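Report on one structure; see the data block that follows.
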Amino acid sequence: MPRPRRSNLSRQSRNARRIQNTANERTEEEQEIAREQRRDSMARLRASQSREQSEAARETARLAMQNRRANNRRQQMDNLLRRTRYLADLNRAASRYDCSNDYSLHPSVCIGQMDVVCEYCGALKFSGETPGLCCLNGKVKLPVLTPPHEPLYSLLCGETQESRHFLANTRKYNSCFQMTSFGADIIEEGEFNPTFKIQGRIHHRIGSLLPFEDTQNKYLQIYFMGNMEEQLDRRLGINAGMKRAIIQDLQCLLHEHHALVRLFKSALERMPNDDYKVVIKADKRPSETHERTFNAPTVDEVAILIVGEETTKKVSSMNYYAYRLMIRQNADNYLLRFRRLFQQYCVNMYVKIETERLTFIRLNQPKLRSEEYIHLRDAVSTEGNAANIGRLTILPATYIGSPRHMHEYAQDAMTYVRHYGRPDLFITFTCNPKWIEITQLLLPGQTSNDRHDITARIFRQKIRSLMNFIVKQRVFGDTRCWMYSIEWQKRCLPHAHILIWLVERIQPDQIDDIICAKIPDHEVDPDLHDVVTTNMIHGPCGAINPQSPCMVDGKCSKRYPRKLTSETVTGNDGYPLYRRRSPDDNGRTVTTKVKRMDFVVENSWIVPYSPLISKTFKTHCNVEYCNSVKSIKYICKYVTKGSAIAVFGLQSSNTNDEISRYQVGRYVNCNEAIWRIFAFPIHERHPTVIHLAVHLENGQRVYFTASNAMQRAETPPATTLTSFFAICQSDQFTRTLLYSEMLRYYTWNASSKNFQRRKQGDAVPGYPDVRSTDALGRMYTVHPKNDECFYLRLLLVNVRGPTLFEALRTVNGVIFPTYRAAYAPGGTGKTFLMSLVLATVRARFNIAVAVASSRIAATLLEGCRTAHSAFKLPLNLQTIEEPTCNIAKHSAIAKVLAASKIIIWDECTMAHKRALEALNRTLKDLRNDSRCFIGAMILLSGDFRQILPVIPRSTAADEINACLKSSNLRRYVKKLQLTTNMRVTLLNDTSAEDFSEHC
1 MPRPRRSNLS
11 RQSRNARRIQ
21 NTANERTEEE
31 QEIAREQRRD
41 SMARLRASQS
51 REQSEAARET
61 ARLAMQNRRA
71 NNRRQQMDNL
81 LRRTRYLADL
91 NRAASRYDCS
101 NDYSLHPSVC
111 IGQMDVVCEY
121 CGALKFSGET
131 PGLCCLNGKV
141 KLPVLTPPHE
151 PLYSLLCGET
161 QESRHFLANT
171 RKYNSCFQMT
181 SFGADIIEEG
191 EFNPTFKIQG
201 RIHHRIGSLL
211 PFEDTQNKYL
221 QIYFMGNMEE
231 QLDRRLGINA
241 GMKRAIIQDL
251 QCLLHEHHAL
261 VRLFKSALER
271 MPNDDYKVVI
281 KADKRPSETH
291 ERTFNAPTVD
301 EVAILIVGEE
311 TTKKVSSMNY
321 YAYRLMIRQN
331 ADNYLLRFRR
341 LFQQYCVNMY
351 VKIETERLTF
361 IRLNQPKLRS
371 EEYIHLRDAV
381 STEGNAANIG
391 RLTILPATYI
401 GSPRHMHEYA
411 QDAMTYVRHY
421 GRPDLFITFT
431 CNPKWIEITQ
441 LLLPGQTSND
451 RHDITARIFR
461 QKIRSLMNFI
471 VKQRVFGDTR
481 CWMYSIEWQK
491 RCLPHAHILI
501 WLVERIQPDQ
511 IDDIICAKIP
521 DHEVDPDLHD
531 VVTTNMIHGP
541 CGAINPQSPC
551 MVDGKCSKRY
561 PRKLTSETVT
571 GNDGYPLYRR
581 RSPDDNGRTV
591 TTKVKRMDFV
601 VENSWIVPYS
611 PLISKTFKTH
621 CNVEYCNSVK
631 SIKYICKYVT
641 KGSAIAVFGL
651 QSSNTNDEIS
661 RYQVGRYVNC
671 NEAIWRIFAF
681 PIHERHPTVI
691 HLAVHLENGQ
701 RVYFTASNAM
711 QRAETPPATT
721 LTSFFAICQS
731 DQFTRTLLYS
741 EMLRYYTWNA
751 SSKNFQRRKQ
761 GDAVPGYPDV
771 RSTDALGRMY
781 TVHPKNDECF
791 YLRLLLVNVR
801 GPTLFEALRT
811 VNGVIFPTYR
821 AAYAPGGTGK
831 TFLMSLVLAT
841 VRARFNIAVA
851 VASSRIAATL
861 LEGCRTAHSA
871 FKLPLNLQTI
881 EEPTCNIAKH
891 SAIAKVLAAS
901 KIIIWDECTM
911 AHKRALEALN
921 RTLKDLRNDS
931 RCFIGAMILL
941 SGDFRQILPV
951 IPRSTAADEI
961 NACLKSSNLR
971 RYVKKLQLTT
981 NMRVTLLNDT
991 SAEDFSEHC
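If you're matching positions, the sequence shown starts at 1 in UniProt numbering and goes up one per residue.
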């Protein structure tokens with residue numbers, strides 16, 4: 001059919017309008033008569049046509065409909081291209097947000113439909129999902145799930161009143177027929193529990209087939225009660241609110257079709273007496289049997305036996321359940337219809353997968369202890385005591401979600417900070433259960449809480465779209481590096497914590513262009529107004545809603561409502577106080593319902609957001625600007641803190657069982673279980689951070705058995721450190737590098753245990769064969785108690801291109817006996833003298849009090865504390881004219897200060913002059929004497945050429961005025977200067993002697 005000419009388009013439009021207007025003018029009766037006449041006319045026409053004519057007419061109509069649909073699709077694509085043409089360049093679009101644009105139509109944002117069909121198993125997937133998500137590209141082949149027998153299948157359809165009642169109580173009905181007891185701490189929080197969630201381990205206990213005397217039948221025993229009516233009555237007594245007819249139908253179904261019920265019943269009939277019970281215990285075996293016949297599983301796999309096929313192939317538990325959770329074309333996966341019971345099933349199966357992995361780890365503890373966690377891995381507090389090492393049950397960092405894994409990722413985040421400074425943006429991105437992609441995949445009668453398989457998969461695609469939107473489309477500008485972590489905490493839906501480092505920093509005057517904390521104008525931007533008022537209002541909480549989850553001790557833990565301000569300023573916590581205008585300053589309000597009461601929401605309740613991100617993704621997305629180093633360490637730890645861990649007490653003979661602590665303490669909900677079954681990443685980041693080993697010479701730990709001990713002793717395995725020394729001997733370029741800089745130019749081959757030059761990247765000036773990338777290296781941290789290894793690491797931070805361990809101990813041609821001596825640490829000057837004074841005074845049974853201005857300095861002296869802690873000094877000394885110590889006259893600390901012979905104050909030059917003046921006033925009061933520091937010697941130690949008191953928002957003159965030299969107590973101070981260099985005397989350090997002679 002030829003396309004109409006442009007001259008006829010207006011005529012066609014007029015005819016269409018005329019026909020539509022005529023139809024609108026008719027009454028309902030006239031329209032019904034017209035429709036009846038058309039039906040009669042069409043019926044007469046079909047009756048007069050032959051079969052061939054009818055088929056030809058249907059074919060013509062089909063082709064016409066196909067053409068119309070194709071034209072409609074073409075028109076839609078043309079409209080889409082026209083609307084997205086202006087979105088081709090989104091560089092810095094966050095700072096030039098245009099409310100007339102629909103950013104959600106951008107190709108990098110749309111995740112598409114679930115219409116990609118797996119060629120091997122027929123699973124439906126999104127275009128962004130990996131090909132092997134469902135069946136590992138055809139490697140996993142399982143039999144098709146056959147629909148359950150009636151009446152169970154009808155009960156799952158939700159089409160009748162009984163069916164809807166059954167679907168709302170699936171866990172109750174399941175508990176009536178379960179054969180084992182389900183042992184777990186199920187978390188119920190208030191009246192609303194949208195998903196199934198457990199804490200700790202899961203146990204399935206099975207007892208004897210027959211009950212003991214004077215006890216009721218339960219679990220499997222109910223199936224063997226002789227009378228069906230007795231069985232029915234017993235099941236009805238388990239839970240309230242169940243219908244007798246449904247239980248009766250399900251009971252008959254199980255007795256007739258369930259293979260295990262028939263098997264156990266036949267076993268019971270063959271038993272000669274009642275002294276039999278079923279025992280499932282993995283760590284026990286019957287006596288007089290071969291010890292290897294009843295071995296417990298020791299690998300991370302479970303064999304799946306397919307009935308009717310003779311095969312030895314195995315499928316891991318994770319791959320099996322990932323296959324079963326998929327939606328397939330022209331197939332009804334009835335597992336996805338069980339609602340609350342489906343949630344329990346997913347949690348149960350993931351915990352089983354997790355338990356198998358943890359069992360494998362527990363059975364391989366000797367290798368973990370000896371090979372990986374002495375010097376080679378990040379030090380943790382429990383490893384400081386050497387007596388605990390042999391009894392330590394380690395949950396390694398390779399186990400995703402473990403505390404060590406989170407600790408490593410927090411250290412990796414600080415690696416970004418060391419190289420690139422503070423992050424620019426901290427984003428919290430939350431799953432929205434009302435996304436259209438989720439709701440259109442739900443079965444009739446379902447909500448998003450019933451289908452966490454859909455919410456997990458769609459959130460995975462959304463977070464990928466968000467990162468592409470930020471990184472590839474550069475909506476905030478060019479991105480230098482980024483990282484995010486997925487967590488669930490005690491809520492059900494997933495959310496991501498994201499850190500973004502930008503090439504060009506966001507300036508303070510640009511914050512208001514990127515981040516808002518206001519209610520948008522409904523008339524100007526109705527879409528954004530709907531998103532913000534639906535997703536970005538905190539609470540409300542407080543007096544109007546004291547039961548809000550954010551309320552702790554009667555206060556909002558998130559500090560809402562925030563202060564209203566007309567301009568954006570920096571707060572004391574390092575976060576900006578965003579512009580939040582009051583209604584008197586043209587700020588908008590919106591009315592919402594809180595406990596059936598109207599509540600007027602002002603800008604003080606709005607969570608900070610980016611208009612571009614919120615309108616694009618239509619969900620809760622908190623965007624914060626990081627402008628202070630004070631908040632960086634907290635943010636880097638927060639982004640890697642992981643899922644919620646319960647506070648619990650664990651009584652065990654092995655107090656260092658990390659596996660038990662992890663299992664008992666962590667929460668698992670249905671969404672997290674499905675996320676992990678699908679093997680979606682918990683953390684992602686760019687650029688990569690490679691971990692570098694740190695150990696002493698011949699200190700790499702080797703795991704060996706009796707059969708290979710000689711071989712492993714002769715050829716200890718290479719590490720990144722020994723390979724670094726080796727390549728420095730042969731490669732001139734590496735002699736210019738620090739150990740941590742190696743990964744920019746070399747890759748680490750884990751199989752061959754050596755460094756290889758990168759083949760891709762930017763050329764390095766002067767070295768045409770060398771390529772550079774943005775990869776980073778991070779040396780593992782070492783506990784200070786491992787002093788030699790600790791100082792070895794400090795030398796690796798500063799020495800370039802060492803060829804041997806001995807080269808690290810060589811300074812100015814002198815080979816030092818230890819790494820500690822080569823590093824020449826402090827502690828042999830003022831600290832040495834003060835330690836000697838303290839020991840002398842205390843040896844004479846007198847009281848000596850030691851304090852320091854900083855926490856680090858306080859660790860250098862025996863029994864030392866910070867001055868604020870020991871003297872109870874006010875925190876805001878700069879704002880109090882005459883401060884005093886918060887010490888009661890009859891308290892224990894008051895008696896100690898009154899009886900002390902000497903008070904040593906290390907690094908006093910960092911302290912505010914009012915701190916010393918406050919101590920002077922307090923001592924006068926405690927000793928009832930008006931003379932300065934009467935009765936006790938005050939030994940002040942420090943160097944005014946180092947750090948002066950830090951006064952926020954002050955000038956250099958303010959800092960000088962706050963130091964001790966400006967105090968009126970200075971005239972009472974006698975200055976002493978050290979004359980003998982104890983480093984030269986004690987360590988026989990000739991280089992230090994030369995340095996002291998020339999300075």
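Using N, Cα and C, we set each Cβ at its ideal position, and we do this for glycine too. Quantities reported herein were computed from a predicted structural model and do not represent experimental measurements.
For D598, does the count of other Cβ atoms within 10 angstroms reach 16, so buried, or fall short, so exposed?
exposed
For N586 and A521, the rounded distance between their alpha carbons:
In the sequence on display, residue 521 carries Asp and not Ala. When rounded, the distance between both Cα atoms is 11 Å.
How many Å lie between M114 and N330 at the Cα?
14 Å
Can you tell me where the beta strand (DSSP E) with I515 in it begins and where it stops?
Looking at the DSSP string, I515 is not in any beta strand (DSSP E), and its letter there is neither H nor E.
Count the other CB atoms within 10 Å of the CB of N920; is the residue buried (16 or more) or exposed (fewer)?
buried
Here's the rule: buried if 16 or more other CB atoms are within 10 angstroms of the residue's CB, otherwise exposed. What is Q547?
exposed
Beta-carbon proximity check, L528 vs K615, cutoff 9 Å
yes
For T980, count neighbouring Cβ atoms within 10 angstroms of its own Cβ and tell me buried if that reaches 16, exposed if not.
exposed
For L63, which residues does DSSP report across the bridge?
In the DSSP output, where bridge partners are listed per residue, L63 has none listed.
Go through its chain and collect everything with a Cβ distance to V471's Cβ below 8 Å, but skip five positions before and after it.
T479, W482, H686
May I ask you to list the residues that DSSP assigns as paired with M597?
V594
What residue range does the beta strand (DSSP E) around H691 cover?
689-692
Confirm, please, whether the CB-CB distance from L341 to N449 is below 9 Å.
no
Ignore the nearest five residues each way along the sequence and tell me which others in R855's own chain have a CB closer than 7 Å to its CB.
T866
Between which residues of its own chain and Y578 is the CB-CB distance below 6 Å, once the five residues before and five after are set aside?
A517, T568, P608
N- and C-terminal bounds of the beta strand (DSSP E) containing W482
479-487
Output the residue ranges of the beta strand (DSSP E) runs that lie fully inside the region 854-931 and measure 3 residues or longer, sorted by chain position.
902-906
Can you tell me the Cα-Cα spacing of L926 and G539, whole angstroms?
50 Å
Nearest by alpha-carbon distance to F126: which of M326, L493, M834 is it?
M326
Starting from S772, follow its DSSP beta bridges and name the residues at the other end.
D762
Say whether the region 741-759 touches the region 714-724, bearing in mind that this needs 3 or more beta-carbon pairs closer than 8 Å, one atom from each stretch.
yes
With a threshold of 8 Å, are at least 3 pairs of Cβ atoms found where one atom belongs to the region 676-695 and the other to the region 396-411?
yes
I think A57 touches Q49, with their Cβ atoms under 8 Å apart; what is that distance to the nearest whole Å?
7 Å
Can you tell me whether residue 1010 is buried or exposed, with buried defined as 16 or more other CB within 10 angstroms of its CB?
Only positions 1 to 999 of the chain appear in this structure, which leaves residue 1010 out of reach.
Pairs of beta-carbons, one from the region 588-607 and one from the region 90-99, closer than 8 Å: are there three or more?
no
Length at least 3, wholly inside the region 318-361: the beta strand (DSSP E) runs in chain order:
none
Within a Cβ cutoff of 7 Å, which residues of the same chain sit near I506, ignoring the five residues on either side of it in sequence?
D424, I514, Y625
Where the alpha helix (DSSP H) through T848 begins and ends:
According to the sequence shown, residue 848 is Ala rather than Thr. Looking at the DSSP string, A848 is not in any alpha helix (DSSP H); the run it does join, the beta strand (DSSP E), is 848-852.
Roughly how many angstroms separate the alpha carbons of F790 and R357, rounded to a whole number?
33 Å
Go ahead and label G777 buried or exposed: buried means 16 or more other beta carbons lie within 10 angstroms of its beta carbon, across all protein chains shown.
buried
Buried or exposed: which applies to D943, given that a residue is buried once 16 or more other Cβ atoms fall within 10 Å of its Cβ?
exposed
Which word fits C541, buried or exposed, when buried means at least 16 other C-beta atoms lie within 10 angstroms of its C-beta?
buried
Burial state of D762, where buried means 16 or more other Cβ atoms lie within 10 Å
exposed
On a CA-only basis, which of C670, V590, Y575, E602 is nearest V623? Give me that one, please.
Y575
Three-state class that DSSP yields for H405 in the structure shown:
helix
Closest residue to E602 among K618, I537, P549 (Cα-Cα distance)
I537
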